[in-house]
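Visitor: In order, the protein sequence lines correspond to chains A and B. Going by the numbering used here, the first sequence opens with residue 35, and the numbers climb by one from there. Going by the numbering used here, the second sequence opens with residue 64, and the numbers climb by one from there. Positions of the beta carbon are idealized from the N, C-alpha and C atoms, including for glycine. Quick caveat: nothing in here was measured; it's all calculated off a predicted structure.
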Amino acid sequence: MTTTVYVPIDATARSLGADEVAAAIAREAAARGESVNIVRNGTRGLCWLEPLVEVATPAGRVAYGPVDAADVPELFAAGLLRGGDHRLAHGRTEHIPYFKNQERLTFARVGLGDPLSLADYEANGGLRGLRAALSAGTGADIVEEVVRSGLRGRGGAAFPAGIKWRTVAATNADRKYICCNADEGDSGTFSDRMLMEGDPYVLLEGMAIAGLAVGAEYGYIYLRSEYPDAERTLLAALGRAREAKLLGDDLLGSGKRFDIELRRGAGAYICGEETAMLESLEGKRGMVRPKPPLPAIAGLFGKPTVINNVITLASVPIILDKGGQFYADYGMGRSRGTLPFQLAGNIKRGGLVEKAFGLTLRELLYDYGGGSASGRPIRAVQVGGPLGYYIPAAKFDLPLDYEAFAANGGMLGHGGVVVFDDTVDMAHMARYAMEFCAIESCGKCTPCRIGSTRGVEVIDRIRAGTRRSENLTLLRDLCDTMIHGSLCAMGGLTPAPVLSALDHFPEDFLR
Amino acid sequence: MRQGPIDEAIATRGHLPGGLLEVLHAIADRLGWIPPEAVERVAKALNLSRAEVHGVITFYHDFRSEPPGRHVLKLCRAESCQSMGSEQLAAQLERRLGCRFGETSPGGAVSLEPVYCLGNCAASPALLLDGQLRGRVTAGRLDRLVDELTAPAAEERA
Chain A
35 MTTTVYVPID ATARSLGADE VAAAIAREAA ARGESVNIVR NGTRGLCWLE PLVEVATPAG
95 RVAYGPVDAA DVPELFAAGL LRGGDHRLAH GRTEHIPYFK NQERLTFARV GLGDPLSLAD
155 YEANGGLRGL RAALSAGTGA DIVEEVVRSG LRGRGGAAFP AGIKWRTVAA TNADRKYICC
215 NADEGDSGTF SDRMLMEGDP YVLLEGMAIA GLAVGAEYGY IYLRSEYPDA ERTLLAALGR
275 AREAKLLGDD LLGSGKRFDI ELRRGAGAYI CGEETAMLES LEGKRGMVRP KPPLPAIAGL
335 FGKPTVINNV ITLASVPIIL DKGGQFYADY GMGRSRGTLP FQLAGNIKRG GLVEKAFGLT
395 LRELLYDYGG GSASGRPIRA VQVGGPLGYY IPAAKFDLPL DYEAFAANGG MLGHGGVVVF
455 DDTVDMAHMA RYAMEFCAIE SCGKCTPCRI GSTRGVEVID RIRAGTRRSE NLTLLRDLCD
515 TMIHGSLCAM GGLTPAPVLS ALDHFPEDFL R
Chain B
64 MRQGPIDEAI ATRGHLPGGL LEVLHAIADR LGWIPPEAVE RVAKALNLSR AEVHGVITFY
124 HDFRSEPPGR HVLKLCRAES CQSMGSEQLA AQLERRLGCR FGETSPGGAV SLEPVYCLGN
184 CAASPALLLD GQLRGRVTAG RLDRLVDELT APAAEERA
């Protein structure tokens with residue numbers, strides 16, 4: 035009898051030795067005369083258990099982790115292939131509370147099987163969205179389904195996706211484009227990467243649906259160069275998708291066409307800003323463009339362009355398959371559907387938690403995350419990437435919803451949550467925010483280009499105790515200028531971490 | 064020697080709309096850097112000015128104008144990795160390699176670079192060594208890694 039064993043091929047798992055674990059399992063099985071079929075699946079998102087090995091048993095998939103290659107002989111001795119008990123065993127994967135309590139819509143398939151198997155993809159609900167879109171009467175019907183779902187841009191700005199699509203659909207042009215922003219540069223975020231490596235076809239399907247909706251026949255994925263594993267997976271998926279007519283001149287035999295090209299970024303954070311991304315796709319320096327014109331009207335090569343991030347586009351197939359209302363039934367207020375939160379930094383159980391909007395930071399940090407990795411008290415949490423606010427423990431009970439969170443001085447952004455324990459120096463983190471902006475600013479507008487460098491200097495003076503109260507006033511003034519005078523969110527939001535550090539942790543600036 | 068990769072990059076990627084980054088990537092993938100003679104040839108082939116090509120090369124961190132060391136080590140210095148002690152690892156690397164971030168160690172074994180997020184934030188701290196991602200990096204593991212990269216035997220092989 036052949037036993038199926040799953041060892042993730044996800045970059046996080048590989049960074050922790052998953053390839054060596056897979057090789058050790060093959061070796062040990064051969065030595066023992068056991069027959070195993072090793073499947074390299076996407077990650078389940080239980081990253082603290084990576085490399086997470088799963089064994090298919092009659093009772094379901096049993097999880098072991100974190101597995102080191104050196105543990106493998108001992109695991110076999112404990113009856114790994116029959117789901118035997120061991121100190122690294124966690125019972126059935128689907129019963130682990132961290133996984134069981136999630137609401138996986140966008141990530142429904144990630145971790146189930148071989149990410150590049152189109153047969154697995156279809157068997158688990160893939161292509162249903164595209165089929166529904168192809169049988170929908172017109173592009174407008176598709177757009178309205180997305181409007182009904184309430185889906186908002188998951189890249190951070192949370193603009194309603196359907197409304198953006200409407201604008202592109204209504205703009206006449208000889209060519210239109212779908213651009214997927216896969217420049218996931220925010221620290222603490224990895225959901226785009228996990229999705230592209232774990233279920234690449236859902237992204238391609240979402241982009242094809244967007245093309246049908248607005249009348250575009252060509253799309254680009256702008257992928258950051260820091261993700262070589264995602265690049266390999268996407269290139270392989272694009273090839274197979276063309277063979278299977280999920281892309282090309284005859285989408286699933288409908289006569290409609292849509293194709294996608296992968297483009298690599300080159301290590302510039304600012305290219306995650308949509309207009310800088312367009313410049314980069316056009317082969318130029320990633321300099322931010324003033325808006326208007328909106329990219330939906332004059333975007334890539336001056337043509338109407340849908341720009342959405344990976345998670346937004348990957349959420350479209352399930353909306354077309356199950357209906358906008360199904361998706362809208364999750365969530366709270368004007369935040370409909372689910373968000374794949376990412377627990378990162380100093381957290382005991384880091385990983386991906388897809389939940390409907392409305393849970394609290396406290397639930398995320400303690401029920402899922404299990405508190406800090408160091409065991410010390412959690413002092414501050416940065417939500418929404420390097421341009422996000424630092425949230426103090428007193429605010430952990432806020433519901434995670436775009437509006438409620440924003441009303442209380444936060445920004446959900448891309449759903450990344452970076453945890454710091456009580457050893458953090460918040461004045462240092464504020465300085466880092468300004469320094470990062472100085473390094474990554476495109477340089478087009480003065481408040482961002484010069485303001486960030488001046489910000490580092492002013493914070494250095496405050497920390498050195500030089501005319502402290504005057505410099506604190508100056509820092510707030512400078513932040514005000516950056517907020518109101520910057521061309522894009524880079525300069526406009528760099529003050530968010532700085533001011534929240536000043537407001538909630540003033541003592542750190544007075545040491 | 065250098066003619067080959069530059070010509071090839073232009074031939075395979077130069078026709079793409081807005082394909083300058085693609086051409087430069089293709090050159091950098093083969094050579095590890097963008098040699099000065101590439102600027103003029105790429106500019107000519109893509110009907111751009113040399114200033115435009117130079118501007119793009121210098122805008123993006125990925126494109127070097129100097130050849131790298133035998134290994135390229137990128138340590139993540141963003142928030143998530145900082146929360147798990149990456150700044151101490153950064154100091155350790157500078158000390159052990161005898162160079163600052165943005166420089167190559169004396170002897171040319173390792174080019175040390177900062178990177179701002181590798182998407183491995185649930186396994187911080189993280190680094191990228193010659194394109195290979197490593198997570199949950201500790202001071203001990205980093206020391207062994209530097210030993211391997213700078214060992215005389217490794218230098219001879221490289």
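Taking only three categories from DSSP, how would you classify Cys-479/A?
Guide: Cys-479/A: coil per DSSP, three-state reduction.
Visitor: Using only the alpha-carbon positions, how far apart do Leu-175/B and Pro-130/B sit?
Guide: In a straight line, the C-alpha of Leu-175/B is about 13 Å away from that of Pro-130/B.
Visitor: Alpha carbon to alpha carbon, how far is Leu-312/A from Gly-67/B? Give it in angstroms, no decimals.
Guide: Those two C-alpha atoms are separated by around 30 Å.
Visitor: Nearest CA to the CA of Leu-109/B: which residue from Glu-166/B, His-78/B, Phe-122/B?
Guide: When each option's Cα is compared against that of Leu-109/B, the closest is His-78/B.
Visitor: Looking only at its own chain, which residues have a Cβ that is under 6 Å from the Cβ of Pro-351/A, when we skip the five neighbours before and after it?
Guide: Excluding sequence neighbours, Pro-351/A sits near Gly-163, Val-236, Glu-239, Gly-240.
Visitor: Identify the contact partners of Glu-260/A in chain B, using a Cβ-Cβ distance below 8 Å as the criterion.
Guide: Val-178, Cys-180, Leu-181, Gly-182, Leu-191, listed in chain order.
Visitor: Under three-state DSSP, which class holds Met-64/B?
Guide: Any answer about Met-64/B is weak, because its pLDDT of 45 lies below 50 and its placement is not dependable; what the coordinates show is given next. Met-64/B falls in the coil class under three-state DSSP.
Visitor: So Val-452/A contacts chain B; which residues on that side make the cut at Cβ distance below 8 Å?
Guide: Simply Glu-142, Ser-143, Ser-146, Cys-184.
Visitor: Could you give the C-beta distance for Ser-149/B and Ala-378/A, rounded to a whole number, given that I count them as a contact under 8 Å?
Guide: Going by Cβ atoms, the distance from Ser-149/B to Ala-378/A rounds to 13 Å, so no, they are not a contact pair.
Visitor: Answer with buried or exposed for Ile-197/A, where buried requires no fewer than 16 other C-beta atoms within 10 angstroms of its C-beta.
Guide: Answer is exposed; the Cβ neighbour count stays below 16.
Visitor: Around the C-beta of Glu-100/B, are 16 or more other C-beta atoms found within 10 angstroms, so that it is buried, or is it exposed?
Guide: It is exposed - the Cβ of Glu-100/B has fewer than 16 other Cβ atoms within 10 Å.
Visitor: Can you tell which of Glu-211/B, His-134/B, Arg-133/B, Val-105/B has its C-alpha closest to the C-alpha of Ile-120/B?
Guide: Ranking Glu-211/B, His-134/B, Arg-133/B, Val-105/B by Cα distance to Ile-120/B puts Val-105/B first.
Visitor: Under the three-state reduction of DSSP, which class applies to Thr-528/A: helix, strand or coil?
Guide: In this structure, Thr-528/A counts as coil in the three-state DSSP scheme.
Visitor: Using a C-beta cutoff of 9 Å, does Ser-112/B count as contacting chain A?
Guide: It does not: the Cβ of Ser-112/B has no partner Cβ on chain A nearer than 9 Å.
Visitor: Tell me which same chain residues have a C-beta within less than 6 Å of the C-beta of Ala-221/B, skipping the five on either side of it?
Guide: With a pLDDT of only 44 at Ala-221/B, under the threshold of 50, the placement of this residue in the model should not be trusted; the figure read from the coordinates follows. Around Ala-221/B: Arg-133.
Visitor: List the DSSP bridge partners of Cys-213/A.
Guide: According to DSSP, Cys-213/A bridges with Tyr-254/A, Ile-341/A.
Visitor: In angstroms with no decimal places, state the Cα-to-Cα distance between Phe-292/A and Tyr-254/A.
Guide: Each residue's alpha carbon lies about 11 Å from the other.
Visitor: For Leu-189/B versus Cys-81/A, is the C-beta spacing smaller than 9 Å?
Guide: The sequence given here places Ala at residue 189/B; Leu does not occur at that position. Going by C-beta atoms, Ala-189/B is not nearer than 9 Å to Cys-81/A.
Visitor: Got a sec, what are the start and stop residues for the beta strand (DSSP E) Asn-71/A sits in?
Guide: Residues 69-73.
Visitor: For the 8 Å Cβ check, are there 3 or more pairs between the stretch 456-464 of chain A and the stretch 385-396 of chain A?
Guide: The stretch 456-464 of chain A, when compared against the stretch 385-396 of chain A, does not touch it at the 8 Å Cβ threshold.
Visitor: Is it the case that the Cβ atoms of Gly-299/A and Ser-259/A are separated by a distance below 9 Å?
Guide: A contact, by the Cβ cut-off of 9 Å.
Visitor: 9 Å is my cut-off, CB to CB: does His-134/B come that close to chain A?
Guide: With 9 Å as the cut-off, His-134/B does not count as an interface residue toward chain A.
Visitor: How far does the alpha helix (DSSP H) with Phe-385/A in it extend, from its first residue to its last?
Guide: Here the sequence assigns Gly to residue 385/A, which means Phe is not the residue at that position. Here Gly-385/A belongs to no alpha helix (DSSP H); instead the beta strand (DSSP E) covers 385-390.
Visitor: State yes or no: is the beta carbon of Asn-343/A nearer than 9 Å to at least one beta carbon in chain B?
Guide: So, not an interface residue.
Visitor: Helix, strand or coil: which one does DSSP assign to Ile-484/A?
Guide: The answer is helix: DSSP assigns Ile-484/A an H, G or I state.
Visitor: State whether the stretch 99-112 of chain A contacts the stretch 53-64 of chain A, with contact taken as three or more CB pairs (one from each stretch) at a distance under 8 Å.
Guide: Yes, they touch.
Visitor: In the DSSP assignment, find the beta strand (DSSP E) that holds His-124/A and state where it starts and stops.
Guide: Where His-124/A is concerned, the enclosing beta strand (DSSP E) stretches over 123-126.
Visitor: Based on the DSSP secondary-structure assignment, which residues constitute the bridge partners of Gln-416/A?
Guide: The partner list for Gln-416/A (beta bridge, DSSP) reads Tyr-424/A, Val-452/A.
Visitor: Is Ser-369/A helix, strand or coil by DSSP?
Guide: Looking at Ser-369/A - three-state DSSP - the assignment turns out to be strand.
Visitor: Thinking C-alpha only, which one of Phe-375/A, Glu-265/A, Ser-349/A, Gly-485/A is nearest Gly-194/B?
Guide: Nearest of Phe-375/A, Glu-265/A, Ser-349/A, Gly-485/A to Gly-194/B, Cα basis: Glu-265/A.
Visitor: Near Arg-502/A, which residues of its chain fall below 6 Å by C-beta distance, leaving aside the five closest residues on each side in sequence?
Guide: Closer than 6 Å at Cβ, skipping near neighbours: Ile-496.
Visitor: Do Phe-375/A and Gly-450/A have their C-beta atoms closer together than 9 Å?
Guide: Taking 9 Å as the Cβ cut-off, Phe-375/A and Gly-450/A qualify as a contacting pair.
Visitor: From the DSSP output, in three-state form, read off Pro-351/A for me.
Guide: Three-state DSSP puts Pro-351/A in a helix.
Visitor: Can you check whether the CB of Tyr-40/A is closer than 9 Å to the CB of Arg-550/A?
Guide: Past the edges of chain A, shown from 35 to 545, lies residue 550/A, and the structure says nothing about it.
Visitor: Return the CA-CA distance between Pro-215/B and Ser-143/B, expressed in angstroms with no decimal places.
Guide: C-alpha separation (whole angstroms): 34 Å.
Visitor: Please work out which residues of its chain come closer than 7 Å, Cβ to Cβ, to Arg-113/B, disregarding the five sequence neighbours upstream and downstream, and give them in chain order.
Guide: Excluding residues within five positions, the ones whose Cβ falls inside 7 Å are Val-102, Glu-103, Ala-106.
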